[in-house]
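Numbering-wise (my numbering), the sequence shown opens with residue 93 and increments by one. Everything on this sheet refers to the single structure shown next.
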Amino acid sequence: MLQAPAPSRLVEGGLPTEATVAHVLVARYADHLPLYRQAQIIARQSVLLDRSTLAAWVGQASAEIAPVVRRLREILLGSARLYADETVVPVLDPGRGRTRQGYFWAIARDDRPWGGTDPPGVVYRYAPGRGREHARALLGGYRGILQCDGYAAYKSLLPPAANAGPALLATCWSHVRRRFYDLAQSKAAPIAEETLRRIAALYAIEAEIRGQPPPQRLTARASRSAALVHDLFAWFAQQLARLLGRSPTAEAIRYALNQREGLLRFLEDGRIDLDTNPVERAIRPIALSRKNALFAGSDEGGENWAAIASLIETCKLNAVDPQRYLTDLLTRLVNRWPKARIDELMPWCWATTSPR
């Protein structure tokens with residue numbers, strides 16, 4: 093009697109299948125269930141699994157998918173335009189008996205607003221700080237359009253000479269609007285309320301041209317948006333001269349004036365959006381998971397979180413079921429998928445090639 097060799101497993105010699113591990117990953121990073129809660133849920137079915145066992149599965153899966161995440165980052169860095177943002181994540185610091193601040197840096201691609209054909213995607217990178225060296229580690233060498241907020245770390249990525257060439261920084265109008273929105277809530281800030289009305293007019297134009305090709309977007313902006321923007325900055329300068337230097341409204345105006353070059357970029361290229369909302373939406377699941385789990389257990393845990401979340405959120409952007417995708421991905425990887433065909437493992441490829 094002959095018996096075929098058993099298929100390779102992510103957990104060698106263990107009982108969990110790749111589907112089981114994928115279920116744990118999706119529950120943790122898509123549905124935001126901390127591992128201890130998952131252990132409690134599983135225990136109700138008379139299956140006793142320690143949280144450390146689940147954490148080990150997460151670590152093994154993260155190591156297995158690492159080449160796919162690295163390749164996803166390379167693909168995004170080859171894009172004509174990217175969004176970038178960062179958010180804080182507490183990390184357990186056992187030696188001090190408390191948590192310390194780590195950061196998730198994110199880059200995202202979504203070309204649908206201008207009719208681009210490249211599939212959307214997002215990559216996160218965990219870092220122990222918010223310094224410019226971490227921005228370089230994620231974005232170093234990128235020479236496309238980078239849409240971001242006014243944080244200086246992004247500006248440090250590009251030497252002054254590069255700003256006149258193919259690499260451009262486009263600043264977010266939503267961050268400008270947010271400062272005036274907070275002031276307008278007092279109902280006693282007429283300058284803030286007027287600013288919101290003017291910015292709303294820009295967004296109304298953008299809503300009409302969303303999804304159109306870049307040349308048409310650029311033409312509409314030149315004929316309709318440009319005058320509104322230049323009038324707004326001239327009005328800002330007039331109002332600033334009348335305000336106390338340290339007033340909140342003056343500070344909000346100065347922020348806009350300091351970001352003027354980046355805020356005007358959308359008038360020069362039809363691919364640029366008014367804001368960085370796509371990457372901010374990609375950051376929200378991280379914030380929700382952070383709220384439920386409270387902290388990452390270690391720097392390594394933060395790195396695992398970033399890698400797995402990158403694939404899960406890219407699945408969601410491409411309308412792919414992350415449970416089915418991760419099950420299939422882990423199965424292929426542990427059975428030695430060829431490195432030369434790694435591009436076929438991207439979530440958007442799986443959406444079109446995997447059997448339903």
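Glycine included, every Cβ here is placed at the ideal spot set by N, Cα and C. Since we're looking at a predicted model, the values are computed, not measured.
Any heavy atom of the ligand HEM within a distance shorter than 7 Å of the CB on G194? For the structure depicted, the ligand HEM is absent and the ligand set is empty, with no information on it obtainable.
Roughly how many angstroms lie between the CA atoms of R136 and Q130, to the nearest whole one? Within the sequence shown, residue 136 is the residue found at index 44, counting from 1. Within the sequence shown, residue 130 is the residue found at index 38, counting from 1. In this structure, the CA atom of R136 is about 10 Å from the CA atom of Q130.
At what residues does the beta strand (DSSP E) containing G213 begin and finish? Here residue 213 corresponds to residue number 121 of the sequence shown, with the count starting at 1. Where G213 is concerned, the enclosing beta strand (DSSP E) stretches over G213 to A219.
Report the rounded CA-to-CA distance for L107 versus M438, giving the unit in angstroms. As a working note, residue 107 is residue 15 in the sequence shown. As a working note, residue 438 is residue 346 in the sequence shown. Distance between the alpha carbons of L107 and M438: 27 Å.
Limits of the unbroken beta strand (DSSP E) element including D185: Walking along the sequence shown from the start, residue 185 turns up at place 93. Per DSSP, D185 belongs to the beta strand (DSSP E) from R173 to D185.
Are L174 and A155 close, meaning C-beta to C-beta below 8 Å? Your numbering for residue 174 matches position 82 in the sequence shown. Your numbering for residue 155 matches position 63 in the sequence shown. Taking 8 Å as the cut-off, the Cβ atoms of L174 and A155 do not count as close.
Identify which residue in R188, D367, L324 and A284 has its Cα closest to the Cα of S266. As a working mapping, residue 266 is identified with position 174 in the sequence shown. The residue with the shortest Cα to Cα distance from S266 is D367.
Return the bridge partner residues of L261 from the DSSP annotation. Here residue 261 corresponds to residue number 169 of the sequence shown, with the count starting at 1. Note: L261 sits in a beta bridge opposite L238.
Roughly how far, in whole angstroms, is the beta-carbon of A198 from the beta-carbon of E178, given that I think they are within contact range, below 8 Å? Your numbering for residue 198 matches position 106 in the sequence shown. Your numbering for residue 178 matches position 86 in the sequence shown. A Cβ-Cβ separation of about 7 Å places A198 in contact with E178 under the 8 Å criterion.
Going by DSSP, what residues sit across from G194 in a beta bridge? Within the sequence shown, numbered from 1, the residue matching residue 194 stands at position 102. Beta-bridge partners assigned by DSSP to G194: V181.
Any idea if S248 is buried or exposed, counting beta-carbon neighbours within 10 angstroms, 16 or more meaning buried? As a working note, residue 248 is residue 156 in the sequence shown. With fewer than 16 other CB atoms across the displayed protein chains lying within 10 angstroms of its CB, S248 is exposed.
Counting only the same chain and skipping the five closest in sequence on each side, list residues whose C-beta sits under 7 Å from that of Q415. Reading the sequence shown from its first residue, position 323 is the one you call residue 415. Cβ within range, chain order: A114, H115 and V118.
Residue range of the alpha helix (DSSP H) that includes S381: Within the sequence shown, the letter at position 289 stands for residue 381. S381 -> alpha helix (DSSP H) spans N369 to A385.
In the DSSP output, what is I199 paired with across the bridge? Start at 1 with the first residue of the sequence shown, and residue 199 comes out as number 107. Bridge pairing for I199: A176 and V215 [DSSP].
Delimiting residues of the alpha helix (DSSP H) encompassing Q132: Sequence index remark: in the sequence shown, residue 132 carries index 40 (1-based). Q132 -> alpha helix (DSSP H) spans L127 to A135.
C-beta contact flag for R222 and Y246 at 8 Å: Stepping through the sequence shown from its first residue, residue 222 is reached at position 130. Stepping through the sequence shown from its first residue, residue 246 is reached at position 154. No, they are not a contact pair.
Top-ranked residue by Cα proximity to R165, from I400, V214, A333 and P126: Taking the first residue of the sequence shown as 1, we reach residue 165 at position 73. Residue V214 is the option with its Cα nearest to R165.
From the DSSP output, which residues share a beta bridge with H388? On the sequence shown, position 296 is the one that residue 388 refers to. Looking at the sequence itself, residue 388 is Ala, so the reference to His does not match. DSSP lists V183 as partners of A388.
Look at the alpha carbon of A379 and the alpha carbon of Q95, and state the distance between them as a whole number of angstroms. For the purposes of this step, residue 379 is taken as residue 287 along the sequence shown, with counting starting at 1. For the purposes of this step, residue 95 is taken as residue 3 along the sequence shown, with counting starting at 1. So the two alpha carbons sit approximately 49 Å from each other.
Any chance the region 225-244 sits against the region 330-346, with 3 or more Cβ pairs inside 8 Å? The region 225-244, when compared against the region 330-346, does not touch it at the 8 Å Cβ threshold.
So, helix, strand or coil for T287, using DSSP? Residue 287 sits at position 195 when you count from the first residue of the sequence shown. Here T287 sits in helix by DSSP.
For P258 and L238, what's the separation of their Cα atoms in angstroms? Translated into the one-based positions of the sequence shown, residue 258 becomes position 166. Translated into the one-based positions of the sequence shown, residue 238 becomes position 146. Residue placement at P258 is poorly supported in this model, since its pLDDT is 43, which falls under 50; the coordinates still yield a value, given next. Spanning the two alpha carbons is a distance of roughly 11 Å.
Could you give the distance in angstroms between the alpha-carbon of R313 and the alpha-carbon of R204? Looking up residue 313 in the sequence shown gives position 221. Looking up residue 204 in the sequence shown gives position 112. Taken atom to atom, the span from the alpha-carbon of R313 to that of R204 is near 18 Å.
CB-CB length for W397 against Y128, believed under 8 Å: Reading the sequence shown from its first residue, position 305 is the one you call residue 397. Reading the sequence shown from its first residue, position 36 is the one you call residue 128. That pair is no contact at about 15 Å.
Please classify D202 as buried or exposed, where buried requires at least 16 other C-beta atoms within 10 Å of its C-beta. Counted from its first residue, the sequence shown places residue 202 at position 110. Taking every protein chain shown into account, the CB of D202 has 16 or more other CB atoms within 10 angstroms, so this residue is buried.
Among P97, D185, D365 and A280, which one has its Cα closest to the Cα of I297? Along the sequence shown, read from residue 1 onward, the residue named residue 297 stands at position 205. Across the set P97, D185, D365 and A280, the C-alpha of D365 shows the shortest separation from the C-alpha of I297.
Give the DSSP-derived three-state secondary structure of D323 in the structure shown. Position 231 of the sequence shown, counted from the first residue, corresponds to residue 323. Looking at D323 - three-state DSSP - the assignment turns out to be helix.
Close beta carbons around R389, own chain, < 6 Å, minus the five adjacent residues each side: Numbered from its first residue, the sequence shown carries residue 389 at position 297. The displayed chain sequence assigns Gly, not Arg, to residue 389. Only L184 meet the Cβ criterion.
Proximity of L403 and V150 at Cβ, strictly below 8 Å: Indexing the sequence shown from 1 puts residue 403 at position 311. Indexing the sequence shown from 1 puts residue 150 at position 58. A distance of 8 Å or more separates the beta carbons of L403 and V150.
Since T145 is in the alpha helix (DSSP H), which residue starts that stretch and which ends it? Start at 1 with the first residue of the sequence shown, and residue 145 comes out as number 53. Following the DSSP letters along the chain, one finds T145 inside the alpha helix (DSSP H) bounded by residues R143 to L169.
State the Cα-Cα distance for the pair L146 and W442, rounded to the nearest angstrom. Here residue 146 is taken as the residue at index 54 of the sequence shown, counted from 1. Here residue 442 is taken as the residue at index 350 of the sequence shown, counted from 1. Going by the C-alpha atoms only, they are around 26 Å apart.
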